[in-house]
């Protein structure tokens with residue numbers, strides 16, 4: 009419910025007038041449609057009475073034309089206004105979701121491991137625009153039409169109005185509720201079946217090599233088709249229910265039309281209305297009912313929104329409001345002192361980092377190695393203040409990283425394993441490091457990362473779209489673009505998080521050479537998986553299960569550490 | 110209209126059935142109008158109630174039959190749509206297996222998955238909506254027109270004149286909207302993707318200290334997107350508008366014209382009323398087709414894309430199987446002039462490869478990125494066929510490595526082995542679902558998985574893969590090796606299994622792997638030179654050609670391509686063909 013209150017409710021308030029206007033236009037559309045048949049019915053009946061003067065028909069003739077033109081026009085405006093409003097709401101909802109994710113950006117991967125959570129959430133937000141267009145608008149329009157019809161009948165005959173109200177309630181309340189109740193279970197079943205199919209087929213496509221070699225293709229095919237037809241069965245039930253429902257609602261509409269016809273006849277017989285209105289009332293019934301029938305379809309979508317809202321709610325629960333503090337700025341000497349730091353994710357487990365003690369002077373080059381789960385990422389998160397040590401202290405330039413707040417990224421930059429390059433030009437991507445950089449500065453950094461020749465050889469140079477063909481930039485080149493961005497940011501400390509994974513050895517070596525050259529003079533913490541270029545590092549640190557297992561320079565370790573020697577031989581492939 | 114529509118099984122029968130139902134439905138519509146008119150007039154004239162009621166009941170019967178026929182039509186088309194979609198899905202899945210891994214990567218595995226599930230489902234909706242709507246458009250207006258002509262010529266003329274105008278406008282506006290969309294498509298796409306792009310790059314933005322400020326960009330771009338969308342919609346909605354406008358204006362015109370003629374006494378009241386009731390029915394089918402046009406577009410597009418995939422040439426042609434004995438110490442594989450050309454790109458990835466291996470050997474394959482190491486592995490393991498060349502096993506010619514008798518003998522371990530969504534035990538026993546728990550544990554022990562299994566709360570029954578616990582790169586390799594080990598298959602293929610691992614894990618995995626490679630025929634493609642020490646034979650590939658082969662010692666003595674490659678990797682000399690090539 010929290011997500012509903014945060015994402016749906018405020019928009020209903022904020023845009024209530026414009027939404028009301030769109031709904032009113034929606035109401036007018038159906039009204040104009042039924043008034044068109046109403047006046048047309050009246051016109052013909054009056055004409056059949058052959059009035060003495062044609063001027064008697066002047067008003068209905070004008071009205072028929074007016075309603076004839078009004079209906080499509082109002083409908084057109086209503087659709088544009090409705091969509092415009094919803095897209096405005098979409099912008100608001102996107103910003104809200106962005107805020108929720110931004111505050112926990114560094115933890116999304118670890119908190120929500122399942123698949124492409126970010127893409128799913130973006131789809132969810134997109135999906136929630138249907139709440140307005142497909143559910144709220146048609147339902148409220150139907151309610152207005154209901155009120156209109158009942159009230160106008162009540163003017164003539166309250167009892168009959170009551171009777172029609174009861175009939176209409178079947179259409180706008182009973183059927184929708186039954187649909188909602190009956191279909192929810194089926195909808196959930198369909199969803200589950202489809203998710204299962206999705207998982208199965210993803211396993212087949214991504215694991216295709218194993219399926220081919222194992223010769224289990226036929227086995228998979230029959231299993232998949234069986235599951236698929238099981239899902240189809242539920243969908244078929246939903247579809248059949250829909251078909252039957254529209255049939256039943258149409259029959260009901262026909263019956264209501266007869267009621268109205270008979271009622272108009274008796275009213276005319278009593279002399280309450282002119283006989284010329286009999287055809288008018290009878291014929292106006294179906295067009296107005298057409299505006300009420302869609303409520304069932306509108307309401308049955310609710311479970312789907314609930315699912316999207318649940319997922320958003322799941323994200324929202326982790327949002328914590330941090331008290332605004334005056335962020336610190338860096339002093340003159342960006343030394344890093346890690347003093348007996350221990351960190352527990354969970355007190356019951358072993359510590360992720362245990363009693364780490366390190367001193368990194370400005371300008372030093374540090375290599376950090378370790379197996380997956382050794383504590384490298386924990387150390388990185390501590391250094392940028394995303395988490396704080398359970399015990400011990402960590403200081404950058406004399407202050408705790410957390411005290412820097414967002415300013416920490418003016419002190420430390422990070423080049424991660426898969427730096428994200430945005431779907432915009434190369435220049436814009438680089439400028440993210442410093443939007444106010446001059447063209448010369450941009451040119452300088454691409455020279456430093458040795459991309460200048462390549463970029464200038466492209467037809468659009470720096471204005472080349474990053475993603476145009478998807479293949480324009482290789483893995484090594486993408487890392488260089490990201491490195492250029494970091495250079496433009498120009499922070500005293502740079503952390504490189506496994507920048508060369510997935511690159512072949514020659515590209516790896518060249519990239520590392522460029523990195524060392526370009527970042528000369530800065531404090532460099534290189535998290536790496538290979539030993540290439542470690543000869544040039546001031547300190548090499550191996551982490552193992554949260555503890556430092558080896559520490560020293562390349563020469564020291566080669567001299568004293570048998571294990572390091574063995575790893576080094578392995579890495580270079582002794583020949 | 111879609112040509113493929115006639116090619117599906119039962120499509121002609123369905124079209125005929127729906128057509129016949131529509132004819133009856135049209136008759137019901139006319140009867141319905143006829144008796145509603147009669148009933149109204151009876152009441153209007155203050156005649157006997159029982160007469161009016163009997164007319165009303167005929168009206169109601171016609172009304173019910175009409176909607177019952179609609180229901181029947183929905184059922185019939187639904188059945189056809191469901192069967193056709195399911196048929197297509199089966200063909201699609203079979204095709205995916207026939208294509209093999211490389212074309213799948215080319216189409217994009219995400220695209221393939223979306224097409225097979227959402228695409229098929231959209232396609233079904235398209236069939237379900239389009240067939241009845243389209244036939245209604247062809248039949249119902251004609252039926253009504255015949256009746257109207259029969260009763261009143263002038264109204265018939267108005268009806269017949271308006272329809273072409275309506276259709277021309279529909280087509281014209283559709284074209285304009287499409288052109289406008291195409292013209293702005295790139296910009297539009299960029300705006301609409303901006304949000305997802307921002308979310309995916311959130312960590313990077315955070316690291317750059319730009320994430321807080323970026324929310325304004327999201328708001329701005331969303332609003333730009335809104336403005337450009339509305340601009341497109343203004344045109345797109347015009348097509349519905351023109352449909353509505355002409356149909357509702359024609360109704361107005363017809364009723365005025367009817368009124369005028371009634372005054373002059375040139376017409377019967379009943380006929381006029383019936384024509385008035387029929388007028389909206391005349392336009393409804395076209396309006397519905399127009400309204401659903403956009404809803405069915407996705408499905409039509411999906412159908413097109415599915416057919417595109419189905420028409421792609423198979424990389425793995427089903428060739429007649431040649432019985433082969435299991436590979437043993439005496440077996441021999443001889444490859445002569447093996448060439449692989451990717452037909453679509455016309456690129457030769459393997460050019461006249463010649464080598465032979467005998468018995469249990471470990472064959473290393475090395476070369477620069479893009480030289481053809483993976484292509485060679487792909488051909489030898491049968492993920493793809495070869496273009497020309499002669500392959501003999503024990504002197505017997507085989508048409509391709511895709512044949513089942515070879516496939517049954519091999520295992521394949523890539524850089525990122527796929528972990529299926531299931532338990533640890535299911536993943537290990539993936540090739541051998543009937544393996545006992547002891548066998549699984551034995552494989553896990555040999556591949557060093559026991560510490561992991563002990564650490565997992567569910568042990569062997571812990572869920573891994575999609576939606577389950579994530580594994581590290583080293584753990585994935587161990588699972589893949591355990592999987593391979595359990596099969597006891599004699600031929601193993603490795604494609605760069607350790608380059609992405611940290612050096613310590615690589616060391617551990619290597620120690621564990623070497624004994625498992627004994628008494629097997631192993632093909633091992635890698636950049637990591639240390640593996641070459643443990644190979645019996647090495648193939649050096651450069652730009653699709655086999656430039657050197659021999660034992661590692663021979664190649665070192667030869668001081669040729671192999672030595673140059675080693676030197677280049679160590680950064681000592683520049684290899685002549687390096688600068689052109691970057692990554693795999």
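Residue numbers (the numbering used here), protein chains in the order written: chain A, 9 to 583; chain B, 110 to 693.
Beta carbons are placed, not taken as given, at the ideal position from N, Cα and C, and that holds for glycine.
What does a CB cutoff of less than 6 Å around residue i pick up in its chain, not counting 5 residues either side in sequence?
i: residue 411 of chain A; result: 336
How would you call residue i, buried or exposed, if buried means at least 16 neighbouring beta carbons within 10 angstroms?
i: residue 658 of chain B; result: buried
i: residue 209 of chain A; result: buried
i: residue 435 of chain B; result: exposed
i: residue 179 of chain B; result: buried
i: residue 275 of chain A; result: buried
i: residue 302 of chain A; result: buried
i: residue 236 of chain A; result: buried
i: residue 340 of chain A; result: exposed
i: residue 568 of chain A; result: exposed
i: residue 357 of chain B; result: buried
i: residue 170 of chain A; result: exposed
Return the first residue and the last residue of the alpha helix (DSSP H) that residue i is part of.
i: residue 425 of chain B; result: Unbroken run through residue 425 of chain B: none, as it is neither H nor E.
i: residue 240 of chain A; result: 225-278
i: residue 579 of chain A; result: 570-580
i: residue 618 of chain B; result: 612-625
i: residue 561 of chain A; result: Here residue 561 of chain A belongs to no alpha helix (DSSP H), and DSSP marks it neither H nor E.
Below 8 Å CB to CB, which residues in the same chain sit around residue i once its five sequence neighbours on both sides are set aside?
i: residue 623 of chain B; result: 643
i: residue 260 of chain B; result: 380, 383 and 384
i: residue 474 of chain A; result: 429, 430, 431, 432, 433, 434, 437, 480, 481 and 489
i: residue 175 of chain B; result: 134, 137, 138 and 141
i: residue 571 of chain A; result: 558
Between residue i and the rest of its own chain, which residues show a CB-CB distance below 7 Å, the 5 nearest in sequence each way excluded?
i: residue 575 of chain A; result: 539
i: residue 190 of chain B; result: 233, 236 and 237
i: residue 33 of chain A; result: 82, 85, 86 and 89
i: residue 142 of chain A; result: 306 and 309
i: residue 188 of chain A; result: 307, 308 and 310
i: residue 151 of chain B; result: 160, 161 and 164
Just reading off the beta strand (DSSP E) that residue i is part of, what are its end residues?
i: residue 532 of chain A; result: 531-535
i: residue 401 of chain A; result: 399-404
i: residue 586 of chain B; result: First-last for residue 586 of chain B: 582-596, but that is the alpha helix (DSSP H), not the beta strand (DSSP E).
i: residue 646 of chain B; result: 646-651
i: residue 1 of chain A; result: This structure gives no information on residue 1 of chain A, because the portion of chain A shown stretches from 9 to 583.
Closer than 9 Å, Cβ to Cβ, to anything on chain B: give me those residues from the stretch 316-335 of chain A, in chain order. Answer in chain order: no residues at all.
The stretch 38-56 of chain A in contact with the stretch 288-308 of chain A per 3-pair CB rule at 8 Å: Using a C-beta cut-off of 8 Å, the stretch 38-56 of chain A makes contact with the stretch 288-308 of chain A, since at least three inter-stretch Cβ pairs fall below that distance.
Is the stretch 544-558 of chain B touching the stretch 615-632 of chain B in the sense that three or more CB pairs, one from each, lie closer than 8 Å? These segments touch.
Listed in chain order, which residues of the stretch 445-474 of chain A have Cβ atoms closer than 7 Å to some Cβ of chain B? Here the close residues number zero.
Cβ contact (3+ pairs, closer than 8 Å) linking the stretch 598-617 of chain B and the stretch 530-549 of chain A: As far as the Cβ criterion goes, the stretch 598-617 of chain B touches the stretch 530-549 of chain A, which means the pair count is three or higher.
Residues of the stretch 175-207 of chain A with Cβ closer than 8 Å to any Cβ of chain B, in chain order: Per Cβ criterion, the list reads 202, 205, 206 and 207.
Closer than 9 Å, Cβ to any Cβ of chain A: which residues of the stretch 505-527 of chain B, in chain order? Result list: 511, 513, 516, 517, 519, 520, 521, 523, 524, 526 and 527.
Does the pairing of the stretch 462-480 of chain B with the stretch 515-533 of chain B give three or more beta-carbon distances under 8 Å? Taking 8 Å as the limit for Cβ pairs, the verdict is that the stretch 515-533 of chain B does not touch the stretch 462-480 of chain B.
Mind checking the stretch 309-329 of chain B against chain A and listing, in chain order, the residues whose C-beta falls within less than 8 Å of any C-beta there? Against chain A - using a Cβ distance shorter than 8 Å - the residues of the stretch 309-329 of chain B are 309, 310, 311, 312, 313, 314, 315, 316, 317, 318, 319, 320, 321, 323, 324, 327 and 328.
Within 8 Å, do at least three Cβ pairs link the stretch 155-166 of chain B to the stretch 207-224 of chain B? The stretch 207-224 of chain B, when compared against the stretch 155-166 of chain B, does not touch it at the 8 Å Cβ threshold.
Pairs of beta-carbons, one from the stretch 305-314 of chain B and one from the stretch 278-285 of chain B, closer than 8 Å: are there three or more? The stretch 278-285 of chain B and the stretch 305-314 of chain B do not touch, with fewer than three beta-carbon pairs separated by less than 8 Å.
Members of the stretch 400-420 of chain B that neighbour chain A once the beta carbon cut-off is set at 7 Å: Residues of the stretch 400-420 of chain B with a Cβ closer than 7 Å to any Cβ of chain A: none.
Listed in chain order, which residues of the stretch 332-354 of chain B have Cβ atoms closer than 9 Å to some Cβ of chain A? Correct list: 332, 334, 335, 336, 338, 339, 342, 343, 346, 347, 349, 350, 351, 352, 353 and 354.
Members of the stretch 613-643 of chain B that neighbour chain A once the beta carbon cut-off is set at 9 Å: For the stretch 613-643 of chain B, the set of residues with a beta-carbon nearer than 9 Å to any beta-carbon of chain A comprises 613, 614, 615, 616, 617, 619, 636, 637, 638, 639, 640, 641 and 642, in chain order.
Counting pairs of beta carbons, one from the stretch 508-516 of chain A and one from the stretch 340-355 of chain A, are three or more of them closer than 8 Å? For the pair of segments examined, the stretch 508-516 of chain A was found not to touch the stretch 340-355 of chain A: the number of CB pairs separated by less than 8 Å stays below three.
Under 7 Å, CB to CB, which of the residues in the stretch 207-234 of chain B have a partner in chain A? Those would be 209, 210, 213, 218, 221, 222, 225 and 226, in chain order.
When the Cβ atoms of the stretch 265-282 of chain A are set against those of the stretch 362-372 of chain B, are three or more pairs found closer than 8 Å? Counting C-beta pairs closer than 8 Å gives fewer than three between the stretch 265-282 of chain A and the stretch 362-372 of chain B, which falls short of the contact rule.
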